[in-house]
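Engineer: Sharing a structure, written as C-alpha cells. Questions coming.
There are 2 protein chains.
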Amino acid sequence: MTATGAGRAGGSDVPVVAVDANGADLGPGEVAAGAALAAERGARVLLFGPAEQLGLPPPGVEVVDAPVSIAKAEDPVAAARIAKDASIVLAAKAVAEGRADALVCAGGTGAALAAGTFNIKRDRGIYRPALALPLPVPGHPVTLLDVGASAEARREHLVQFAFMGAALARIVLGVPRPRVGLLSNGEEAARGGPLVVETGAELRARAAETEAFEFVGSVEGGDLVSGAADVVVTDGFTGNVTLKVLEGTSQTILRAIRDAALSSLRGRAGGLLLKGPLGALRAEIDPEAAGGAYLLGLRRLGVVPHGRFTREGFAQAILRARLGAAEDIVGQTHAALEAAGALRRSPASAADARLP
Amino acid sequence: MTATGAGRAGGSDVPVVAVDANGADLGPGEVAAGAALAAERGARVLLFGPAEQLGLPPPGVEVVDAPVSIAKAEDPVAAARIAKDASIVLAAKAVAEGRADALVCAGGTGAALAAGTFNIKRDRGIYRPALALPLPVPGHPVTLLDVGASAEARREHLVQFAFMGAALARIVLGVPRPRVGLLSNGEEAARGGPLVVETGAELRARAAETEAFEFVGSVEGGDLVSGAADVVVTDGFTGNVTLKVLEGTSQTILRAIRDAALSSLRGRAGGLLLKGPLGALRAEIDPEAAGGAYLLGLRRLGVVPHGRFTREGFAQAILRARLGAAEDIVGQTHAALEAAGALRRSPASAADARLP
Numbered sequence: 002m003t004a005t006g007a008g009r010a011g012g013s014d015v016p017v018v019a020v021d022a023n024g025a026d027l028g029p030g031e032v033a034a035g036a037a038l039a040a041e042r043g044a045r046v047l048l049f050g051p052a053e054q055l056g057l058p059p060p061g062v063e064v065v066d067a068p069v070s071i072a073k074a075e076d077p078v079a080a081a082r083i084a085k086d087a088s089i090v091l092a093a094k095a096v097a098e099g100r101a102d103a104l105v106c107a108g109g110t111g112a113a114l115a116a117g118t119f120n121i122k123r124d125r126g127i128y129r130p131a132l133a134l135p136l137p138v139p140g141h142p143v144t145l146l147d148v149g150a151s152a153e154a155r156r157e158h159l160v161q162f163a164f165m166g167a168a169l170a171r172i173v174l175g176v177p178r179p180r181v182g183l184l185s186n187g188e189e190a191a192r193g194g195p196l197v198v199e200t201g202a203e204l205r206a207r208a209a210e211t212e213a214f215e216f217v218g219s220v221e222g223g224d225l226v227s228g229a230a231d232v233v234v235t236d237g238f239t240g241n242v243t244l245k246v247l248e249g250t251s252q253t254i255l256r257a258i259r260d261a262a263l264s265s266l267r268g269r270a271g272g273l274l275l276k277g278p279l280g281a282l283r284a285e286i287d288p289e290a291a292g293g294a295y296l297l298g299l300r301r302l303g304v305v306p307h308g309r310f311t312r313e314g315f316a317q318a319i320l321r322a323r324l325g326a327a328e329d330i331v332g333q334t335h336a337a338l339e340a341a342g343a344l345r346r347s348p349a350s351a352a353d354a355r356l357p
Numbered sequence: 002m003t004a005t006g007a008g009r010a011g012g013s014d015v016p017v018v019a020v021d022a023n024g025a026d027l028g029p030g031e032v033a034a035g036a037a038l039a040a041e042r043g044a045r046v047l048l049f050g051p052a053e054q055l056g057l058p059p060p061g062v063e064v065v066d067a068p069v070s071i072a073k074a075e076d077p078v079a080a081a082r083i084a085k086d087a088s089i090v091l092a093a094k095a096v097a098e099g100r101a102d103a104l105v106c107a108g109g110t111g112a113a114l115a116a117g118t119f120n121i122k123r124d125r126g127i128y129r130p131a132l133a134l135p136l137p138v139p140g141h142p143v144t145l146l147d148v149g150a151s152a153e154a155r156r157e158h159l160v161q162f163a164f165m166g167a168a169l170a171r172i173v174l175g176v177p178r179p180r181v182g183l184l185s186n187g188e189e190a191a192r193g194g195p196l197v198v199e200t201g202a203e204l205r206a207r208a209a210e211t212e213a214f215e216f217v218g219s220v221e222g223g224d225l226v227s228g229a230a231d232v233v234v235t236d237g238f239t240g241n242v243t244l245k246v247l248e249g250t251s252q253t254i255l256r257a258i259r260d261a262a263l264s265s266l267r268g269r270a271g272g273l274l275l276k277g278p279l280g281a282l283r284a285e286i287d288p289e290a291a292g293g294a295y296l297l298g299l300r301r302l303g304v305v306p307h308g309r310f311t312r313e314g315f316a317q318a319i320l321r322a323r324l325g326a327a328e329d330i331v332g333q334t335h336a337a338l339e340a341a342g343a344l345r346r347s348p349a350s351a352a353d354a355r356l357p
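Line order of the protein sequences matches chains A and B. Numbering-wise, the first sequence is residues 2 to 357 according to this note's numbering. Numbering-wise, the second sequence is residues 2 to 357 according to this note's numbering.
So this is what it looks like as C-alpha cells:
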C-alpha cells in the first residue's frame with residue numbers, strides 16, 4: 002500500500018530511524034543520549050552528527066560522522082539543496098534510499114522540511130506535506146495541522162491534511178476514531194470565507210464515506226483547548242499563529258503566577274505548598290511527551306522534536322517515529338485517501354510544491 | 002475633519018452615549034446599573050431597552066423604552082434590517098441622527114456590527130469596519146484587530162486597520178505613539194504569503210510618512226503576549242481564531258491551576274496563601290477594564306462590551322465611548338488616513354461592504 006512498497010531497512014522487523022543530531026539547544030550529545038534511551042526501549046537508530054560529540058554508541062545505535070549542520074541556516078531551503086554533506090541531508094537520503102524507515106531531526110523545522118521534501122519526496126497523490134503538532138492541552142490532547150509547512154492552502158490540501166492528521170492520531174497517538182474539526186471563526190458551517198466553507202462541505206461528504214475519522218465540523222480557536230476535537234485542520238499561516246499564541250499564552254500565565262507567588266512571603270509559602278500539583282500540571286502540558294511535530298505527506302514519516310528538548314523528548318520522537326513506521330502510517334494514510342478518492346490524480350511533480 | 006462634521010448631540014460639551022441594554026447575560030438591569038455608574042462619573046447616556054427592567058434613571062441617564070431585542074438572533078444581519086424597533090437599531094439610529102455621539106451595545110457583536118453599519122454607516126473613505134479588542138495581557142496590553150468584523154481582508158483594508166487601531170490605542174487607551182505589528186507566521190518580511198508581504202511593505206512605507214504610529218514589522222502569535230507591539234493587525238478570520246485561542250488557553254491554564262490547588266489539603270492551603278497575588282493577576286487580566294471590543298471605521302465610535310460583563314464593565318464601555326467621542330477618534334483617524342493618502346478614493350457605497 003505504501004508508495005515505495007519496500008520492506009524494512011536492514012531486512013529486520015524493527016524499523017530503523019535515521020536521526021539528525023545537529024541543531025539541538027543542548028548539543029548533539031543530548032540527542033545521542035536520547036537515541037541511547039530509545040535503543041534501550043528497543044529502537045534501532047542511524048545517528049548522523051559530529052562523531053566526536055556523540056560518544057560511544059550503545060547497541061542499537063549506529064553513528065555516521067556528519068559534522069556539517071544547516072539547522073540554523075537563514076535560508077534552510079537553499080542550504081538543503083546546496084549542502085549535500087549536511088547531517089539532515091544525509092539522514093534524509095538514508096531514508097530515501099531505504100537504509101532507514103523514518104526521519105527524526107533534532108533542530109530546525111525548516112531544514113527538516115526542505116531536506117525531507119527534496120530527498121524523501123512527497124508520497125504519490127499528496128499535494129503538500131504538512132506539519133502536525135500534538136498540543137499538550139490539560140486533559141484533552143489535540144493535534145493541530147498544518148502548523149507551518151506552507152502558509153497558504155487550497156481546499157484539496159486541507160482535505161488531505163484531515164486524513165493525514167487522523168492517521169497520526171490513530172496510529173501514533175492512540176486515538177481509535179479521531180474527531181476532526183476544521184478551524185474557523187465560528188461553529189456555523191457558513192462562517193469562515195469560501196475556503197473554509199468549501200473544505201467543510203467536502204470533509205462532511207468524505208467523512209460519511211470513510212472509517213478514517215469523524216468530522217465534527219467547524220471549530221473555534223477555543224475548541225483547541227476544550228476537547229471538541231482530536232485533530233484540528235487549518236492552513237499553515239493560521240496554524241502557526243495559533244500555535245504561537247497558545248504557547249505564548251500558557252508561558253505568560255504560568256510566569257505571571259510564578260511572579261505572583263514570589264511577590265510576598267505568603268505567596269512564597271503558597272507556591273511551595275502548590276509545588277506538587279503544579280508539577281503534575283507541568284508534566285501534563287510537557288511538550289516532550291509527544292515527541293515533537295510530525296512531518297506528514299512524504300513517502301516516509303518524519304518527526305521534528307523541538308530544539309530545546311532534553312534526551313527524554315528526543316527518545317520519544319525516535320520511539321514515535323519507529324511506531325509510525327512499524328504501523329505504516331504512510332501506507333494507511335495513502336489507502337484511506339485512495340478509498341475516499343482524495344488522492345491527486347496526475348503524478349505529483351516537484352515543481353508543484355512551489356505553487357501558491 | 003469628521004465625515005459628518007456635526008457638533009455634540011444635545012448642544013452640550015459632554016458627548017451623549019447611546020446604549021443598548023438588551024443582550025447582557027445579567028439582564029438589562031445590570032446595563033442600567035453600569036449606565037448609572039458612568040453617569041456618576043460624568044457621562045450622559047441615552048439608554049434603550051425594556052423600561053420596566055431599567056428602573057428609575059438617575060441624573061445623566063435618559064431611558065427610551067425599546068423592549069425588542071435581536072441580541073440572540075440567529076442571523077443578526079437580517080434581524081437588524083427587518084426589526085426596525087429593535088433596541089440596537091433604535092440606539093444606532095439615535096447616533097446616526099445626531100441625538101447621540103457614540104454607540105454602546107451590551108450584547109451581540111453581530112447585531113451591533115449590522116445595526117451600526119446599516120445606520121451609522123462607514124466613514125467616508127473607509128473600506129471596512131473592524132472590531133478592535135484590547136487584550137488584557139499581564140504587563141503588556143495589546144490591541145488586536147480585526148477580531149471578526151469580516152473574515153477576509155485585502156491589503157488596503159489591513160492598512161486602514163493599522164491607522165484605526167493606532168488611533169484607538171493613542172486616544173482611548175493612552176499609548177502616546179503606538180507600535181503597530183502585522184500578524185504573521187514569522188518575523189521575516191518575506192513570510193506569510195502575498196497578502197502579508199504586500200501589506201507589510203505598504204505599512205512600512207506609510208509609517209515612514211506618518212506620525213500616527215510606528216511600524217514594528219511582522220510579529221508572531223507569541224508576540225501578542227510579549228509586549229512587542231501595542232496594536233496587532235490581521236484579517237478577521239485569523240484575528241477571531243487568535244482571540245479565541247488566547248481566551249481559551251488562559252481560562253484552561255487558570256482552571257487547571259485551581260483544580261491542582263483543590264486536589265489536596267496542601268494544595269488548598271497553598272491556594273489560600275496565593276489568593277492575594279492571584280487576585281491581583283486576575284484583576285490585571287480582567288477584560289472588563291478596557292470596556293470591550295471597539296467598532297471602528299463608522300462615522301461614530303462603537304463599543305461592544307462582552308455580554309457576560311458586570312455593571313463595572315458596562316460603565317467602562319460607556320466612559321471609553323465618551324472619551325473616544327470627545328477626543329474625536331473618528332475625525333483623527335480620518336485625518337491621519339487622509340494625510341497618508343490611504344483613504345478610498347471613490348465614495349464608499351453600501352453595496353461594497355458585501356464584496357469579498
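Where is the CB? At the ideal position from N, CA and C, for every residue including glycine. What you are looking at is a predicted structure, and each value in this text was computed from that prediction instead of being measured.
Helix, strand or coil for residue 216 (chain A) per DSSP?
Structural biologist: strand
Engineer: Quick check: the stretch 330 to 350 of chain A against the stretch 142 to 150 of chain A, are there 3 or more CB pairs under 8 angstroms?
Structural biologist: Segments in contact, no.
Engineer: Assign residue 49 (chain B) to one of three DSSP states: helix, strand, or coil.
Structural biologist: In the three-state reduction of the DSSP assignment, residue 49 (chain B) falls in the strand class, which pools E and B.
Engineer: So residue 47 (chain B) packs on residue 55 (chain B), CB below 8 angstroms; how close in whole Å?
Structural biologist: Going by Cβ atoms, the distance from residue 47 (chain B) to residue 55 (chain B) rounds to 12 angstroms, so no, they are not a contact pair.
Engineer: Would you decide whether residue 177 (chain B) is buried or exposed? Buried here means 16 or more other CB atoms lie within 10 Å of its CB.
Structural biologist: exposed
Engineer: At a CB-CB cut-off below 7 angstroms, which residues of chain B make contact with residue 139 (chain A)?
Structural biologist: 253, 257
Engineer: Pull out every residue of the stretch 195 to 225 of chain B whose Cβ sits closer than 7 angstroms to any Cβ of chain A, in chain order.
Structural biologist: 221, 222, 223, 225
Engineer: Identify which residue in A:250, A:121, A:51, A:63 has its Cα closest to the Cα of residue 138 (chain B).
Structural biologist: A:250
Engineer: How would you call residue 14 (chain A), buried or exposed, if buried means at least 16 neighbouring beta carbons within 10 angstroms?
Structural biologist: exposed
Engineer: Does residue 183 (chain A) come within less than 8 angstroms of chain B when only Cβ atoms are used?
Structural biologist: no
Engineer: Quick check: the Cα distance between residue 152 (chain A) and residue 254 (chain B), rounded to an integer number of angstroms?
Structural biologist: Cα to Cα, residue 152 (chain A) sits roughly 29 angstroms from residue 254 (chain B).
Engineer: Quick one, are the C-beta atoms of residue 136 (chain A) and residue 247 (chain A) less than 8 angstroms apart?
Structural biologist: yes
Engineer: Using a C-beta to C-beta distance shorter than 7 angstroms, which residues of chain A count as neighbours of residue 249 (chain B)?
Structural biologist: 222, 223, 225, 226, 227
Engineer: Is DSSP giving residue 224 (chain B) helix, strand or coil here?
Structural biologist: helix
Engineer: Just to confirm, are residue 333 (chain B) and residue 168 (chain B) a CB contact at a threshold of 8 angstroms?
Structural biologist: yes
Engineer: Rounding to the nearest angstrom, what Cα-Cα distance links residue 37 (chain A) and residue 209 (chain B) in this structure?
Structural biologist: Residue 37 (chain A) and residue 209 (chain B) have their C-alpha atoms spaced approximately 55 angstroms apart.
Engineer: Taking DSSP as the reference, what is the three-state secondary structure of residue 190 (chain A)?
Structural biologist: coil
Engineer: Any contact of the stretch 94 to 112 of chain A with the stretch 269 to 289 of chain A, i.e. 3+ C-beta pairs under 8 angstroms?
Structural biologist: no
Engineer: List, from N- to C-terminal side, the alpha helix (DSSP H) runs of 4 residues or more that fit wholly inside the stretch 102 to 175 of chain B.
Structural biologist: 110 to 116, 156 to 168
Engineer: Could you say which of B:226, B:155, B:230 lies nearest to residue 203 (chain B) if we only look at CA atoms?
Structural biologist: B:155
Engineer: Can you name the residues of chain A whose CB is closer than 7 angstroms to the CB of residue 278 (chain B)?
Structural biologist: 261, 262, 264, 265, 268
Engineer: With distance defined between alpha-carbon atoms, name the residue in B:292, B:309, B:311 nearest to residue 303 (chain B).
Structural biologist: B:292
Engineer: What separation, rounded to the nearest whole angstrom, lies between the Cα atoms of residue 217 (chain A) and residue 234 (chain A)?
Structural biologist: 11 angstroms
Engineer: Nearest-angstrom Cα distance between residue 221 (chain A) and residue 307 (chain A)?
Structural biologist: So the alpha carbons of these two residues sit roughly 26 angstroms apart.
Engineer: Work out the CA separation of residue 33 (chain B) and residue 104 (chain B) for me, nearest whole Å.
Structural biologist: 15 angstroms
Engineer: Using only alpha-carbon positions, find the residue among B:70, B:161, B:289 that is nearest to residue 310 (chain B).
Structural biologist: The shortest C-alpha separation from residue 310 (chain B) is found at B:289.
Engineer: Would you kindly check if the distance between the Cβ of residue 166 (chain B) and the Cβ of residue 62 (chain B) is under 8 angstroms?
Structural biologist: Result no, Cβ atoms of residue 62 (chain B) and residue 166 (chain B) do not sit closer than 8 angstroms.
Engineer: Please state whether DSSP places residue 292 (chain B) in a helix, a strand or coil.
Structural biologist: Residue state, collapsed to three classes: coil.
Engineer: Classify residue 355 (chain B) as buried or exposed, calling it buried when 16 or more other Cβ atoms lie within 10 Å of its own Cβ.
Structural biologist: With a pLDDT of 43 at residue 355 (chain B), under the threshold of 50, the modelled position of that residue is not reliable, and the figure given next carries that caveat. That one is exposed.
Engineer: What's the C-alpha gap between residue 22 (chain B) and residue 79 (chain B)?
Structural biologist: 20 angstroms
Engineer: Can you tell me which of the three DSSP states residue 63 (chain B) falls into?
Structural biologist: strand
Engineer: Count the other C-beta atoms from every protein chain shown that fall within 10 angstroms of the C-beta of residue 256 (chain A), then say buried if there are 16 or more, exposed otherwise.
Structural biologist: Result: exposed.
Engineer: Output needed for residue 25 (chain B): all residues of its chain with C-beta closer than 6 angstroms, excluding positions within five of it in sequence on either side, in chain order.
Structural biologist: 31, 32, 107, 108, 308
Engineer: Alpha carbons only, please: which of B:89, B:100, B:140 is nearest the one belonging to residue 118 (chain B)?
Structural biologist: B:89
Engineer: Express the C-alpha separation of residue 164 (chain A) and residue 299 (chain B) in angstroms, rounding to a whole number.
Structural biologist: In a straight line, the C-alpha of residue 299 (chain B) is about 43 angstroms away from that of residue 164 (chain A).
Engineer: Would you identify the three-state DSSP class for residue 273 (chain B), choosing helix, strand or coil?
Structural biologist: DSSP, reduced to helix, strand and coil, places residue 273 (chain B) within a helical segment of the structure shown.
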